[in-house]
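Quick note: the first sequence uses the working numbering, first residue 20, plus one each step. Even for Gly, the Cβ is constructed at its ideal location relative to N, Cα and C. Written out below as C-alpha cells is the structure these notes cover.
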Amino acid sequence: MVQIRLTNTRTRRKEDLVPIDPQNVRLYLCGPTVYDRAHLGNARPVLVFDVLVRLLNHIYGADHVTYVRNFTDVDDKINAEAQRRKTAGSPLSLEALINERTAETIGWYHADMDALGAMRPDHEPRATQYITQMIAMNADLIAKGHAYEAEGHVLFDVRSFPDYGKLSGRSVDDMIAGARVEVAPFKRDPMDFVLWKPSSGDLPGWDSPWGRGRPGWHIECSAMSAALLGPHFDIHGGGLDLQFPHHENEIAQSCCAHPGEGFANIWLHNEMLQVEGKKMSKSLGNFFTVRDLLDKGIAGEVIRLVFLETHYRKPMDWSEERRQSAERRLSKWANIRRNALPKDHRPFDKADIDDQVIEALANDLNTHAALTRLYEMERAAKDAGRDQDIEPVMRFFATLDFLGFTKLDIHQQQRSNSVSEAVSDVLDNGSLVESLLTARAEARKARDFARADAIRDGFAAAGVDVKDTAAGPEWSLATGFDAGRLAELARNFGA
RNA sequence: GGUGGGUUGGCGGAGAGGUUACGCACCGGAUUGCAAAUCCGUGAAGACCGGUUCGAUUCCGGUACCCACCUCCA
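Written out as C-alpha cells, the structure is:
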C-alpha cells in the first residue's frame, strides 16, 4: 500500500499518515461562511482537499473515507445582509431573510465548486443544525474549568490550556504584546475568546443557560467535527489564515472538552492566493469570485488545472498567462481524446490509474509532480494513438479522470451561459458556420485563396476556432465569440 | 514589535552534494496554398556575501528583499 506523507503544521514536519482506523479515515475541512459568493481564494482549500480525498479513496477505498466540510451559517455579515434587505423593504421576517441568504449562498457555492470538478463531501453540516451540541460543549467547558460566563457571554480561558498557541508557534504573552484589538473589560485575559454571545431581539438567537444568544466563531467546528467524526480524527485543514486564531481556538476547545483524545492528528494548511503577483483585495480592484471567472467563459477545469500546477503550501498566483497556458493544455488533451480514445472504450478501472501519479500525490500532495508525470503519459498516449495501441491512451485518460479532468471542454461554459438562446439555436444546428465552411471549401477548391483566407480571418474575428483536420474542418466557439460579426461574415460571403 | 513561510531560466515549477528536470512561451527546421494543429531541434537558471567540500543551486551562517498571520478573510 502506498504510504501517504503530509506536512503537519502542528509539528512542522512531513509525516506518515497512519490512519486511526484504516476502515474509516476521517477528515474535516473548514468550509465557507455563507454570506456571499465564494471568491477565487475560497476554491483553494476545496481543491487541495478534493485531491487528497481522491487519493485516500484510491488507497483506502471510497467506503473507508469520511470527508466533512461545514457551512457556517451564523455570522454577523449574514445578519447584516438580512437587515439590509429588510431595510430595503422586504416583507419577510429577519429570520426568513437570513435563511434566504444562506440558502442561496449554499446553492451558489455548490454550483461553483461543482464546476471546478470538486467532489461533494460526505457530510456538509450547517452550524445552525448543531446549536444544541455547541451549547452542551460550552456548558462542559465551564464545568471543567476552561470557560466562564461574564455579562451574558461565555469565554474560553486561554490560561487554562497550557498548549494554547502551539499550532501557530506563538505564546500568549507575545500575542498580547502585539495585539491590536480592543479588549472587552469582562475578559480575564486579553486573549480569551468568545464561545457564546448574547443576541438582541433583532438578531438570530437561541435559548441557552446564559440567556438568548448565538455561538462564537470557533465553537461550531469543534461541535460539528466531534459529532460527525468523533473527538479524535485524522486530518483537519483550511487556509493558512485560519491557523490563527480559528484553528488554535478549535484545538483549545476540543482538547479541553475531550481531554486525552488528541483531536486532529495532522493539520494541513494551504498558502494564500495572489492575483498577478499581488494580494487579492477589494481595494486593489483585483478581487473576483469563482463565478466571475466562469461567467467570463473560463472553464472550471481550466481553473482546476491552474490550481494543481502550484503546490498547496506555496503562494499561488492567478494570472492571465497561466489561464491561457491551462486552456491550451486542456485543448490538447481534448484533441488526443478525440483522435486516440475510441468512443466505445471500456470503463476506466482503478488499475488504469498511473502509479507514479499516485506516488507523487502521496508525497505531500505534489500535484505539480503528478502533472509532470502526466505530460510524459500524454506523449505516450499520442504516440500510441497513432499505432492504434489503446492501453497507454486508456491509462492517460483514466488518470486524468481520477484527477478530476473529465470534460476537457474549454468552451463549454461559453455555450451554456454566455451565448443567447437564439444564437445558440443557430449554432447548434450550425447553419451559419457550416455554410461558411462550405463556402471556404469551395473557394479553396477553386484556388481562390484570398477569399478562403478572408473567411478564415472572419471566423477568427468573430470568435470561432476552425481547425482543418484529415477528416475535414472542425470548429468550436472561442472566448469572445461575437454572433453579430458571424452574421455579418455570412452576409458578406453569401452563405 | 511578535510568529511563520519564501527568493530557481521570459513565465510556472521539481528533485537531487557531482549526471538534460519537466511544462508553457521564444527561436530554428519539417509539414501545410497560407494559417492552426502536429513532429524534430537549439538556447536560457537558482537573490547577495561568506563557510564546509575535490566539487553546492542543493548543507551551514549572515545580509537584502518579498509574502502571510497577530483585525470572525480560505
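Next on the checklist: According to DSSP, simplified to helix, strand and coil, what is Asn305?
Outcome noted: coil
Item to check | One or two residues paired with Asp35 in a DSSP bridge | outcome: Arg24
Next on the checklist: Using a Cβ distance threshold of 8 Å, determine whether the region 243-263 contacts the region 41-53, with at least three qualifying pairs required.
Outcome noted: yes
Next on the checklist: In chain order, what are the residue ranges of uninterrupted beta strand (DSSP E) at least 3 long that sit wholly in the region 326-393?
Outcome noted: 335-337
Next on the checklist: Suppose the cutoff is 7 Å on Cβ atoms and the five residues either side in sequence are ignored; what does the same chain contact list for Met20 look like?
Outcome noted: Ile78
Item to check | Proximity below 8 Å, CB of Asp131 to CB of Leu313 | outcome: yes
Next on the checklist: His165 and Cys240 - do their beta-carbons sit closer together than 8 Å?
Outcome noted: no
Next on the checklist: What does the alpha-carbon distance come out to for the pair Val309 and Leu508?
Outcome noted: 34 Å
Checklist entry - Mapping DSSP to helix, strand and coil, what is Glu168? => result strand
Checklist entry - According to DSSP, is Asp402 helix, strand or coil? => result helix
Checklist entry - How about Ala122 and Pro234: are their beta carbons less than 8 Å apart? => result no
Item to check | Pairwise C-alpha distance: Arg398 and Arg475 | outcome: 30 Å
Item to check | Nearest candidate by alpha-carbon position, reference Glu290, set Val65, Thr30, Arg56 and Gln42 | outcome: Val65
Next on the checklist: Quick check: the Cα distance between Arg328 and Ala359, rounded to an integer number of angstroms?
Outcome noted: The sequence as given places Glu at residue 328; Arg does not occur at that position. Going from the Cα of Glu328 to the Cα of Ala359 covers about 25 Å.
Checklist entry - Taking buried to mean at least 16 other C-beta atoms within 10 Å of its own C-beta, is Ala62 buried or exposed? => result buried
Checklist entry - Taking the C-alpha atoms as reference points, what is the distance between Glu269 and Leu59? => result 25 Å
Next on the checklist: Suppose you measure from the CA of Lys2 to the CA of His129; what does that come to, to the nearest Å?
Outcome noted: The structure shown does not extend to residue 2, since the chain spans only 20 to 514, so no value can be given for it.
Checklist entry - Could you give the C-beta distance for Trp585 and Thr91, rounded to a whole number, given that I count them as a contact under 8 Å? => result The requested residue 585 does not occur in the structure, where the chain is confined to residues 20 to 514.
Item to check | In chain order, each alpha helix (DSSP H) run of at least 4 residues that lies wholly inside the region 223-309 | outcome: 238-248 and 267-276
Item to check | Collapsed DSSP secondary structure at Thr124 in the structure displayed | outcome: helix
Checklist entry - Counting along the chain, where does the beta strand (DSSP E) carrying Lys216 start and finish? => result Phe212 to Pro217
Checklist entry - Does the separation of the CB atoms of Ala417 and Asp487 fall below 8 Å? => result no
Checklist entry - Whose C-alpha, out of Ala460, Asn284 and Ala473, is nearest the C-alpha of His251? => result Asn284
Next on the checklist: Please report the distance separating the alpha-carbon of Ala389 from that of Leu419.
Outcome noted: 10 Å
Checklist entry - According to DSSP, is Ser437 helix, strand or coil? => result The pLDDT assigned to Ser437 is 46, lower than 50, so where the model puts this residue is not dependable; a value taken from the coordinates is nonetheless given after this. Residue state, collapsed to three classes: helix.
Next on the checklist: Please classify Arg510 as buried or exposed, where buried requires at least 16 other C-beta atoms within 10 Å of its C-beta.
Outcome noted: exposed
Checklist entry - What span of residues does the beta strand (DSSP E) with Arg88 cover, start to end? => result Val84 to Arg88
Checklist entry - When DSSP labels each residue in this structure, what does Pro64 get in the three-state scheme? => result helix
Item to check | Burial state of Ala441 (16 or more Cβ within 10 Å) | outcome: Confidence at Ala441 is low in this model, with a pLDDT of 46, below 50, so its placement is unreliable and the value that follows should be read with caution. Its Cβ having fewer than 16 others within 10 Å, Ala441 is exposed.
Checklist entry - DSSP on Phe175, reduced to helix/strand/coil? => result strand
Checklist entry - Under the three-state reduction of DSSP, which class applies to Arg504: helix, strand or coil? => result helix
Checklist entry - Between Leu455 and Arg356, is the Cβ-Cβ spacing less than 8 Å? => result no
Checklist entry - Nearest to Ala169 by alpha carbon, out of Glu346, Pro228 and Ala469? => result Pro228
Next on the checklist: Rounded to whole angstroms, what is the Cα-Cα separation between Ser437 and Val53?
Outcome noted: Because Ser437 sits at a pLDDT of 46, beneath the cut-off of 50, its placement in the model cannot be relied upon, and the point is left open.
Checklist entry - What is the rounded straight-line gap between the Cα of Val483 and the Cα of Thr151? => result 57 Å
Next on the checklist: Whole angstroms are fine: how far does the CA of Pro264 sit from the CA of Val202?
Outcome noted: 15 Å
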